[in-house]
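To keep things clear, I will list the structure first and then write my remarks on it.
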Amino acid sequence: MVAPPDVLANAVRNVDPKYAGNMGTQTGYITFTPLVANPAKGHLVLTSTKIEGGAVRIHGNGFNWSQSAFNIPSTAYSASGTGFTLGSENFTMTYGNVVGGIAHTVNLIERDLSSTNGDQNCFLAITATWQK
Amino acid sequence: MDTASGRWFVEFWAMQIGGETMRAAAALSTSAAILLGQAVTIAQAQAPAVPKFKGTYAFLSTH
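Protein chains in written order, with our numbering: chain A, 1 to 132; chain B, 1001 to 1063.
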């Protein structure tokens, strides 16, 4: 008699998530104040609402989803033709809708390596449109 | 100086210096041409190589 195959021999018996991952979204306003001497640089202020949480939640692991205010006080920025630096973060940038030398649309992306929430595999993408 | 020689000198000089100087040189060339009674056409400015941002922008981000 042939023994039945051990169908559980290669089954997953335990999952130990090391990094829960982080995903979320934000919306709000950014106000740019360029330098007079070098208008490619300046300071910005950001106010927003953020919704975020763990991308992987298994048996209560990871972290809860939440909604909160997220604001950045006056912080130095600088732009090049293809990049945008905010504090210590470096974005790849595209822009358009240039009116009077001012770009009214900007798109920014970066790998987010700054967080301590276990989201080293995270990216950050921002699209901003001039309001006033 | 006649119109032709003035324009050639200004354009050659501007190509070596760069954008801001080129615009100044173009304005100078325009003034010279007007003084000489020449009709001129100024090309429309192109988007800046380095963008500027000013004022308030609404944004959406995903991470």
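Where a beta carbon is used, it is the ideal one built from N, C-alpha and C, also for glycine.
**Study point:** Meets three-Cβ-pair contact criterion under 8 Å: the stretch 34-41 of chain A and the stretch 7-16 of chain A
**Key:** At 8 Å Cβ cutoff, the stretches do not touch.
Review point. Taking just the CA atoms, how far does Ile58(A) sit from Lys1054(B)?
Key: When the Cα atoms are used, Lys1054(B) and Ile58(A) turn out to be separated by approximately 45 Å.
**Study point:** Own chain residues within Cβ distance below 6 Å of Asn97(A), not counting five before or after
**Key:** When the five nearest sequence neighbours on each side are left out, the beta carbons in the same chain lying within less than 6 Å of the beta carbon of Asn97(A) are those of His104, Thr105, in order along the chain.
Review point. Helix or strand or just coil, what does DSSP make of Gln1016(B)?
Key: Annotation note: pLDDT 41 at Gln1016(B) (below 50); position unreliable, coordinate value reported separately. Gln1016(B): helix per DSSP, three-state reduction.
Exercise for review: Could you check what DSSP says for Ile1042(B) in three-state terms: helix, strand or coil?
Suggested key: With a pLDDT of 49 at Ile1042(B), under the threshold of 50, the modelled position of that residue is not reliable, and the figure given next carries that caveat. Ile1042(B): coil per DSSP, three-state reduction.
**Study point:** Buried/exposed call for Gly101(A), threshold 16 Cβ in 10 Å
**Key:** Sixteen is the threshold: since fewer than 16 other Cβ atoms of the shown chains lie within 10 Å of the Cβ of Gly101(A), the residue is exposed.
Point to revise | Neighbourhood of Thr75(A) by C-beta distance below 7 Å, restricted to the same chain and skipping five residues each side | key: Excluding residues within five positions, the ones whose Cβ falls inside 7 Å are His43, Leu44, Leu86, Gly87.
Review point. What is the DSSP secondary structure of Ile58(A), counted as helix, strand or coil?
Key: Here DSSP, grouped into helix, strand and coil, assigns Ile58(A) to coil.
Point to revise | Bounding residues of the beta strand (DSSP E) (the contiguous stretch that carries Gly24(A)) | key: Start and end: 22-34.
Review point. Can you give the beta carbon distance from Gln67(A) to Thr49(A), rounded, assuming they're within the 8 Å contact cut?
Key: Contact holds; Cβ gap of about 7 Å.
Review point. Among all the DSSP beta bridges, which residues are the ones paired with Arg13(A)?
Key: In the DSSP output, where bridge partners are listed per residue, Arg13(A) has none listed.
Exercise for review: Give a yes or no on whether 8 Å exceeds the smallest Cβ distance from Leu124(A) to chain B.
Suggested key: So, interface residue.
Point to revise | Simplified DSSP assignment, three categories, for Gln67(A) | key: Strand.
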